[in-house]
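Remarks on the structure that follows.
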Amino acid sequence: MADGKSLAAYLKDRRTRLDPAAFGFPKGRRRTPGLRREEVAQRANISATWYTWLEQGRGGAPSAAVLERIAKGLLLTDTEREHLFMLGLGRLPDIRYKPFEGVTPRLQRVLDGMPLSPAIVKTATWDIVAWNKAAAAMLTDYSKLRPEQRNVLRLMFTSPGIRSKQDDWESVARFVVGTFRADVARAGAHQSDEVFQLVEELCRTSEEFATLWAANDVIAQGDGVKRLRRPDGGVVEMEFSTFKIEGRPDLSMIIYNPVSIEDAKLVQSRVDAHRD
C-alpha cells in the first residue's frame with residue numbers, strides 16, 4: 116500500500132544528504148543542506164512543481180517511470196530504490212537484470228559449512244557459480260569444467276555422463292527447462308542477449324530441448340526430491356530446497372540433503388573418496 120507521507124519524508128531525507136558541488140550545482144548560500152527541490156527535479160527530468168508536491172505529500176501516487184527517474188536523480192542504491200517504490204506504489208520495482216558479479220567469500224563459507232549436504236549457487240541463467248565439496252562429489256566436479264560449461268542446461272542436454280546419472284531424465288529435463296523459463300523472467304533476464312544466445316544454441320544442438328522450450332511450460336523450483344543413479348545400479352535420494360539470496364535477485368542456492376541413513380552413508384563415502 117502506498118504511503119504518501121512516508122514517501123515525502125523519505126524524498127526530503129535523501130535530497131538533503133546530497134552534496135550540490137558533486138553534481139555541478141553552485142553551493143552558495145543555502146537555507147538547508149543538500150540539493151534544492153528544483154535541482155532534484157532537473158536531475159530526474161520531471162516538473163519542479165510535481166516533485167515539490169511529492170515532497171509535500173500531495174498530487175497522488177507517482178508512476179513507476181517517475182520513481183525510476185527520481186531514484187537515478189538521487190543516486191539511490193538498489194535497496195533504497197526498492198524502498199522508494201514500496202512507499203510510492205506499495206510494490207517492488209521491476210527487477211533490473213545484472214550479469215553475474217561474483218560470489219562473496221562469506222557465501223562460499225556458508226556452502227563449505229555443509230560438508231555432507233551438496234549445495235550449489237546458480238544464476239538466473241542456471242550457470243553454477245559456487246559449490247561445496249559434497250556437490251562436487253555427488254553432482255558434478257565443476258572445478259574440472261570451463262566456466263561456460265558450468266551451465267545446468269548445457270550439461271543436461273549435451274553431456275551423456277550427466278544424463279546417465281538421472282533416474283528419470285525426461286522428467287528432470289522438463290523440470291529444468293520450466294524452472295529456467297520462470298527464473299529468467301523473474302530476474303528480468305528473459306530478453307537479454309545472454310539468454311537468447313543460450314536458448315538458440317540449445318535449440319540448435321538438442322531437438323529435445325527445442326521441443327520442451329516450445330511447450331512454454333513454467334515451473335516453480337521450490338523443493339522436491341532428486342534421485343541419482345548409483346554405480347551399483349541403485350538410486351540415492353536427496354531432498355532439495357531452494358533459497359533466494361538477499362540482495363542478489365540473480366542468484367539462488369540449492370541445498371540437497373540425504374533422505375535416509377543409507378543415503379547419508381553413501382554421500383559420506385563419495386565425499387571421502389572424492390577428497391582422496
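Residue numbers (our numbering): 116 to 391.
We put the CB at the ideal spot given by N, CA and C, even for glycine.
Starting from residue i, follow the beta strand (DSSP E) in both directions and report where the run begins and ends.
| i | result |
| --- | --- |
| residue 167 | Counting along the chain, residue 167 falls outside any beta strand (DSSP E), though it belongs to the alpha helix (DSSP H) covering 163-170. |
| residue 298 | Segment 284-301 is the alpha helix (DSSP H) holding residue 298; no beta strand (DSSP E) there. |
| residue 364 | 363-373 |
| residue 244 | 243-246 |
| residue 237 | 234-238 |
On the criterion of 16 or more Cβ atoms from any shown chain inside 10 Å, does residue i qualify as buried, or is it exposed?
| i | result |
| --- | --- |
| residue 341 | buried |
| residue 238 | buried |
| residue 255 | buried |
| residue 346 | exposed |
| residue 365 | buried |
| residue 350 | exposed |
| residue 245 | buried |
| residue 385 | buried |
| residue 137 | exposed |
| residue 335 | exposed |
| residue 190 | exposed |
| residue 180 | exposed |
Tell me which residues share the same chain as residue i and place their Cβ nearer than 7 Å to its Cβ, disregarding the 5 neighbours each side in the sequence.
| i | result |
| --- | --- |
| residue 200 | 182, 206, 207 and 208 |
| residue 119 | 172 |
| residue 394 | With the chain covering only 116 through 391, there is no way to say anything about residue 394. |
| residue 160 | 184 |
| residue 170 | 123, 126, 127 and 152 |
Between which residues of its own chain and residue i is the CB-CB distance below 8 Å, once the five residues before and five after are set aside?
| i | result |
| --- | --- |
| residue 268 | 241, 291, 292, 295, 313, 317 and 324 |
| residue 266 | 240, 241, 242, 243 and 313 |
Excluding the 5 residues flanking residue i on each side, which residues of the same chain have their C-beta closer than 6 Å to its C-beta?
| i | result |
| --- | --- |
| residue 280 | 343 and 344 |
| residue 370 | 232, 234 and 356 |
Please confirm whether residue i has its beta-carbon closer than 8 Å to some beta-carbon of chain C.
| i | result |
| --- | --- |
| residue 300 | Checking the listed chains, one finds no chain C in this structure; it contains a single protein chain. |
Could you spell out where the alpha helix (DSSP H) holding residue i opens and where it closes?
| i | result |
| --- | --- |
| residue 159 | 152-159 |
| residue 267 | 267-273 |
| residue 144 | Residue 144 -> no alpha helix (DSSP H), and no H or E assigned at all. |
| residue 256 | Per DSSP, residue 256 belongs to no alpha helix (DSSP H) and is neither H nor E. |
| residue 186 | 179-188 |
| residue 131 | 119-131 |
Below 8 Å on the Cβ atoms is my guess for residue i versus residue j; work out the distance and round it to an integer in Å.
| i | j | result |
| --- | --- | --- |
| residue 147 | residue 131 | 6 Å |
| residue 387 | residue 352 | The Cβ separation is near 20 Å, so there is no contact. |
Start-end ranges of the beta strand (DSSP E) lying completely within the segment 317-367, minimum 3 residues: You should have 338-344 and 350-360.
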